[in-house]
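Structure (structure tokens):
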């Protein structure tokens, strides 16, 4: 007896853009209850183009009103990247710096460096690339300049800070009202991912601006976006949507 299974493709790259909604692929094989001389069992799998599960928010009623005055959006972390334009001997550098950690047994040619002012956790690679996570409203450029200066004092006077860029930023806000996450996920299942057994927060994705938000039942919201302005704009746009599911 033939059985059919309808499922989504493993990735969006597997979906054809030629306008065909369904493509049938038939696999033939022997079932356990049949002998080798018996008829083959056919299993049909339909590949269909699914509705986008994320990054599409045209059908959501996002707010066009400004945030209330009592809601403040504050930065949490900033991730920056830059190059030192010099290859480093991480063992030598780590021995000359405080709060530096280098373990060659891990098999990764990188060193962890922590700064107090501004509060920064940096990963320095032997090729000279640096990834920094700056806490709060700390200045990423100031952290990059200080790391460059520290490397220069460790015997690399030609080290310079090049190709500096802000990769992403995380902001937070308190909406001051509880949110019914289960109802939110049921209504907007194409955009919201909520698995309480895994994480107590609901993940929300919007396209304009491109942002990933996490919402807690207490009304706390965090957003990871390109910069601070994009994160604040994302929280402003979903405010009325979350307000609909307040207790």
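Numbering (the UniProt record's numbering), first residue to last: 1 to 247. Cβ atoms here follow ideal geometry from the backbone N, Cα and C, with glycine treated the same way.
- For residue 148, no beta strand (DSSP E) encloses it; the enclosing alpha helix (DSSP H) starts and ends at 140-153.
- Put simply, the backbone Cα of residue 224 is about 19 angstroms away from that of residue 218.
- Judged by DSSP in its simplified three-state form, residue 114 adopts strand.
- If you ignore the 5 residues before and after residue 153, its C-beta comes within less than 8 angstroms of the C-beta of 96, all in its own chain and listed in chain order.
- Beta-bridge annotation (DSSP): residue 162 is paired with 83.
- Between residue 171 and residue 64, the beta carbon gap of about 20 angstroms keeps them out of contact (Cβ cut-off 8 angstroms).
- From the listed residues 198, 119, 110, 214, the smallest Cα separation to residue 128 is found for 110.
- Check the Cα spacing between residue 206 and each of 92, 165, 188, 94: the tightest is with 188.
- C-alpha of residue 86 to C-alpha of residue 166: approximately 21 angstroms in a straight line.
- Under the three-state reduction of DSSP output, residue 127 falls in the coil class, being neither helix nor strand.
- Remark: fewer than three beta-carbon pairs, one from each stretch, lie closer than 8 angstroms, so the stretch 177-195 and the stretch 157-164 are not flagged as touching.
- The shortest C-alpha to C-alpha distance from residue 241 to any of 142, 149, 177 is the one to 177.
- Under the three-state reduction of DSSP, residue 238 is assigned to helix.
- Here residue 72 is exposed. Its C-beta has fewer than 16 other C-beta atoms within 10 Å.
- Contact check for residue 169 and residue 228: beta-carbon distance about 5 angstroms, within the 8 angstroms limit, so the pair qualifies.
- Here the alpha carbons of residue 197 and residue 220 stand approximately 19 angstroms from one another.
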